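Going by the numbering used here, the letters in the sequence shown line up with residues 161 to 335, in that order. One structure is given below, encoded as structure tokens.
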Amino acid sequence: MTVGTALPEGGTAAAPARVRAVLSNFPSGVAVVTAVHETTPVGFACQSFTSLSLDPPMVSFAVSRASQTRPRILAAGRFCVNILAADQQWLCRRFAARDVDRFRGVGWRLSASGSPVLDGVLAWIDCTVAAEYPAGDHTIVVGHVGELARPRETEPLVFLRGRLMPGAPLALTHA
Ligand SMILES: Cc1cc2nc3c(=O)[nH]c(=O)nc-3n(C[C@H](O)[C@H](O)[C@H](O)COP(=O)(O)O)c2cc1C
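Right, here's the structure in full:
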């Protein structure tokens, strides 16, 4: 199995390429964060989504300050986190691409609060924006969770070392 190129030990100069090379060893799921801006659905592929609080239920994601979708989600004041299944890598690529109609050919419906729920996702979490915090070249967006569901029982899509892969469970082994 390829595990990437080993990096030299030490060194404190955290150049962006080095930060990415080291931090990409922490796997994440992949979500598409969606909203409706005015009357237009918007969304972007997001690996920085995380669970924050159970009671009250809160989540967060980090979005680049350069993102064109960021101000639209914040203006909407609500968003839906669509957690992608392993067979939805095309949606990840689509929602990371620039200068395309990201929703072309994508089935979706509106959640009760008015954000797009994409067809076929593993799970979705409908939220209202609770807070936003500047964090370097990103903004951390915190959401209060409203409705949520896990419509499919299948493996998630995982992002690790710059690659997409299925999040399959380990075979059970005994010590
Ligand atoms: C797997 C994957 C994960 C991503 N995660 C994030 C993220 O957490 N935050 C972010 O700002 N952009 C992330 N991106 C980049 C965005 O999806 C998108 O390319 C970028 O926001 C530009 O589009 P926009 O201007 O519409 O936002 C990710 C891209 C990929 C492929």
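Quick reminder that beta carbons are idealized off the backbone N, C-alpha and C, glycines included. All values reported here derive from a predicted model rather than from experimental measurement.
Do residue 206 and ligand 1 come close, with the Cβ less than 6 Å from some heavy atom? yes
Any heavy atom of ligand 1 closer than 6 Å to the CB of residue 249? Incorrect: residue 249 has no Cβ contact closer than 6 Å to ligand 1.
Unbroken stretches of the alpha helix (DSSP H), 4 residues or longer, contained in the segment 249-330: Complete alpha helix (DSSP H) runs here, min 4: 249-254.
Same chain, Cβ closer than 8 Å to residue 237, neighbours up to 5 away in sequence not counted: 288, 289
Please list the terminal residues of the continuous alpha helix (DSSP H) segment that includes residue 238. Going by DSSP, residue 238 is part of no alpha helix (DSSP H) but of the beta strand (DSSP E) stretching over 238-243.
Would you mind sorting residue 268 into buried or exposed? The rule is 16 or more other CB atoms within 10 Å of its CB. buried
Taking the straight line between their C-alpha atoms, what separation do you get for residue 320 and residue 176? 17 Å
Assign residue 299 to one of two classes, buried (16 or more other C-beta atoms within 10 Å of its C-beta) or exposed (fewer than that). buried
Is residue 331 near ligand 3 - that is, is its Cβ less than 6 Å away from at least one heavy atom of it? With respect to small molecules bound, the structure shown includes ligand 1 and not ligand 3.
If you measure between the beta carbons of residue 275 and residue 195, is that distance less than 7 Å? yes
Can you tell me whether residue 220 is buried or exposed, with buried defined as 16 or more other CB within 10 angstroms of its CB? buried
Secondary structure of residue 163, DSSP reduced to three states: Here the model assigns residue 163 a pLDDT of 49, short of 50, so the residue's position is not dependable and the matter cannot be decided.
What's the gap between the Cα of residue 303 and the Cα of residue 243? 15 Å
Quick check: is any heavy atom of ligand 1 less than 6 Å from the C-beta of residue 256? yes
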